[in-house]
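Q:
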Amino acid sequence: MNRIYLDHAATTPLHSSVIEAINRSIREAWGNPSSLHFEGRTARKYREQAREQVAALLQCSPEEIYFTSSGSESDQWAIQGTISIVQKEKKQPRIIVGEIEHSAVRNICKKFQSWGFDVQWLKPDKWGRYQVDGLAQLLNSDTILVSLMYCNNEIGTIQEIEKLCELSHRVGALFHTDAVQALGKLPSPILYKPDLVSISAHKINGPKGVGALYIRSGIKFSPWIAEASQEKGMHAGTEAMPAIVGFGAACELWNTHQNEFQNHLRNIKSVFLKELQKNCEDYEIISPNENCSDTIVNIRFPELEAEALLLGFDLAGVAASAGSACASGALKPSPVLLSIGLSEKEANECIRFSFGPFLTEEEIIQAVQRITQIVNKQRKIQKGIG
Ligand SMILES: Cc1ncc(COP(=O)(O)O)c(C=O)c1O
1 MNRIYLDHAA TTPLHSSVIE AINRSIREAW GNPSSLHFEG RTARKYREQA
51 REQVAALLQC SPEEIYFTSS GSESDQWAIQ GTISIVQKEK KQPRIIVGEI
101 EHSAVRNICK KFQSWGFDVQ WLKPDKWGRY QVDGLAQLLN SDTILVSLMY
151 CNNEIGTIQE IEKLCELSHR VGALFHTDAV QALGKLPSPI LYKPDLVSIS
201 AHKINGPKGV GALYIRSGIK FSPWIAEASQ EKGMHAGTEA MPAIVGFGAA
251 CELWNTHQNE FQNHLRNIKS VFLKELQKNC EDYEIISPNE NCSDTIVNIR
301 FPELEAEALL LGFDLAGVAA SAGSACASGA LKPSPVLLSI GLSEKEANEC
351 IRFSFGPFLT EEEIIQAVQR ITQIVNKQRK IQKGIG
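The numbering of the sequence shown is this note's numbering, which starts it at 1 and goes up by one.
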């Protein structure tokens with residue numbers, strides 16, 4: 001049976017052009033990019049080409065791209081790098097953060113809050129949207145940073161970054177946006193003039209273990225590692241060259257095919273929803289209808305536990321995901337779904353399907369047939385007529 005992978009928000013397969021670039025870098029760019037000799041210079045050339053490719057997709061200057069080990073690291077650096085610099089200047093610095101941010105952002109903010117920092121949490125509406133008025137109420141002149149994601153990873157909500165960023169700048173706060181799920185799939189966040197942007201390679205057919213932080217030139221920001229000797233003194237650790245080169249190649253791929261990929265993704269998602277409407281009876285779309293990513297849809301199947309459904313889907317060759325897995329691998333209700341007003345029971349009935357540009361319409365139609373069969377079977381079992 002063919003496998004149909006509908007979990008691209010979790011990670012994506014490496015594209016062949018990325019694999020080729022990685023292989024080339026392993027053969028040719030194995031030197032230490034900080035070394036002065038030929039081997040070092042060669043590695044440096046590869047690294048800088050990757051930086052240009054990432055900057056081209058993000059539409060910024062290569063000097064504003066700093067490589068990290070992941071989107072999570074970029075997120076935490078954005079928060080910590082701002083606090084370390086500005087806390088000396090303000091008595092009680094305030095950070096405003098969204099309730100449905102990625103756990104990397106939420107967790108570091110909780111840590112700072114437990115240390116006595118003034119952290120304010122912005123609540124989204126039922127569609128996962130942060131309201132500009134809500135942000136206005138939390139902003140004050142001590143606010144040093146606002147961190148609100150561009151596109152949510154569980155329900156796909158796209159935020160009005162331009163307005164949220166502009167408002168934050170009015171009180172002199174820096175604006176950070178997590179654009180891990182948006183890179184290549186939405187207009188560049190840089191158009192909206194944020195100060196800090198987190199991105200990651202493995203959501204766009206690049207390798208895992210590499211990300212970047214965009215740091216707008218001219219802002220006050222602290223290195224991630226003290227006395228760092230890489231990344232213009234902002235980061236340390238000899239660079240993971242194959243990962244960085246692979247990230248560059250993935251950005252090149254998405255930059256070259258951006259319109260084609262975006263149109264295809266829009267079509268794939270609408271086929272998925274139409275087929276579901278035709279074939280499946282009782283479900284609720286949790287993702288917003290408007291201003292939602294074409295790569296993500298979150299669906300609730302009332303009275304059916306997501307965990308059992310996912311196992312059924314997997315056996316039928318369809319990969320999707322739900323909630324957040326804890327250490328034991330069991331599913332906990334997603335804090336994002338609880339924050340938009342679902343009960344624990346409802347949150348445990350939700351499944352995220354997420355799409356990539358290499359899925360075909362036929363695969364989507366086949367996937368929905370399999371999903372519907374499993375859902376109908378589980379309903380019969382639940383009603384005791386299976
Ligand atoms: C919105 C968002 N931010 C950050 C991350 C973390 O990225 P990484 O897996 O590269 O640490 C993810 C990954 O799922 C994400 O979806």
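Cβ atoms here follow ideal geometry from the backbone N, Cα and C, with glycine treated the same way.
From this set, Glu-290, Pro-189, Ser-343, Gln-181, which residue's C-alpha is nearest Pro-302's C-alpha?
A: Ser-343
Q: Does the segment 55-62 come into contact with the segment 98-112, if we say contact requires no fewer than three beta-carbon pairs (one atom in each stretch) closer than 8 Å?
A: no
Q: If the criterion is Cβ atoms closer than 8 Å, does the pair Cys-151 and Pro-194 meet it?
A: No, the pair does not count as a contact, with Cβ atoms beyond the cut-off.
Q: Asn-263 lies in the alpha helix (DSSP H); which residues open and close that run?
A: 258-279
Q: Is His-202 near ligand 1, judged by its Cβ being under 7 Å from some heavy atom?
A: The answer is yes for His-202.
Q: Which of helix, strand or coil does DSSP assign to Ala-50?
A: Residue state, collapsed to three classes: helix.
Q: For Gly-184 and Trp-254, what's the separation of their Cα atoms in angstroms?
A: 6 Å
Q: Over the uninterrupted beta strand (DSSP E) stretch that includes Ala-320, give me the two end residues.
A: That residue, Ala-320, is in no beta strand (DSSP E); it is neither H nor E in DSSP.
Q: Round the Cβ separation of Thr-12 and Ile-204 to the nearest angstrom and send it over; I've been treating them as touching at under 8 Å.
A: 7 Å
Q: Got a sec? Which residues, its chain only, sit under 7 Å from His-423 by beta carbon, not counting five neighbours each side?
A: Outside the displayed range of the chain (1 to 386) lies residue 423, so it cannot be described from this structure.
Q: Say yes only if the C-beta of Asp-7 is nearer than 7 Å to one or more non-hydrogen atoms of ligand 1, and no if none qualify.
A: Incorrect: Asp-7 has no Cβ contact closer than 7 Å to ligand 1.
Q: I'd like to know if the segment 39-52 and the segment 175-182 are in contact, where contact means that at least 3 CB-CB pairs between them fall below 8 Å.
A: no
Q: Does Lys-269 pass the burial test, meaning 16 or more other C-beta atoms within 10 Å, or should it be called exposed?
A: buried
Q: Is Asn-263 near Val-368, with beta carbons less than 8 Å apart?
A: no
Q: Tell me the residue span of the alpha helix (DSSP H) that contains Phe-358.
A: Premise fails: Phe-358 is in no alpha helix (DSSP H) and is neither H nor E.
Q: CB Leu-6 to CB Ala-319, shorter than 8 Å?
A: yes
Q: Out of Ile-19, Ile-100, Asn-153, which has the shortest C-alpha to C-alpha gap to Ser-339?
A: Ile-100
Q: Does the Cβ of Asn-153 lie closer than 7 Å to at least one heavy atom of ligand 1?
A: Distances taken from the Cβ of Asn-153 to the heavy atoms of ligand 1 include one shorter than 7 Å.
Q: Have a look at the DSSP bridge pairing and note the partners of Asp-7.
A: Ser-354
Q: Which residues in the same chain have their Cβ closer than 7 Å to the Cβ of Lys-90, if we skip the five residues on either side of it in sequence?
A: Asp-142, Ile-144
Q: Where Leu-135 and Glu-284 are concerned, what is the direct C-alpha to C-alpha distance, given to the nearest angstrom?
A: 29 Å
Q: Tell me Cys-151's beta-bridge partners as DSSP assigns them.
A: Ile-158
Q: I need the boundaries of the beta strand (DSSP E) containing Phe-67, first residue and last residue.
A: 65-68
Q: Just to check, is the beta-carbon of Asp-178 closer than 7 Å to a non-hydrogen atom of ligand 1?
A: yes
Q: Measure the Cβ-Cβ separation of Pro-242 and Gly-233 and say whether it is below 8 Å.
A: no
Q: Can Ser-114 be considered in contact with ligand 1, in the sense that its beta carbon sits closer than 7 Å to one or more heavy atoms?
A: no
Q: State the start and end residues of the unbroken alpha helix (DSSP H) segment that holds Leu-315.
A: 306-315
Q: Is Gln-159 near ligand 1, in the sense that its beta carbon is under 7 Å from a heavy atom of that ligand?
A: no
Q: Whole-angstrom Cβ separation of Ser-293 and Gly-156, contact assumed at under 8 Å?
A: 4 Å
Q: If you draw a straight line from the C-alpha of Thr-68 to the C-alpha of Pro-124, how long is it?
A: 29 Å
Q: Determine the burial state of Gln-382: buried for a count of at least 16 other Cβ atoms within 10 Å of its Cβ, exposed for fewer.
A: exposed
Q: Note the first and the last residue of the continuous beta strand (DSSP E) segment covering Asp-282.
A: According to the DSSP assignment, Asp-282 belongs to no beta strand (DSSP E), since it is labelled neither H nor E.
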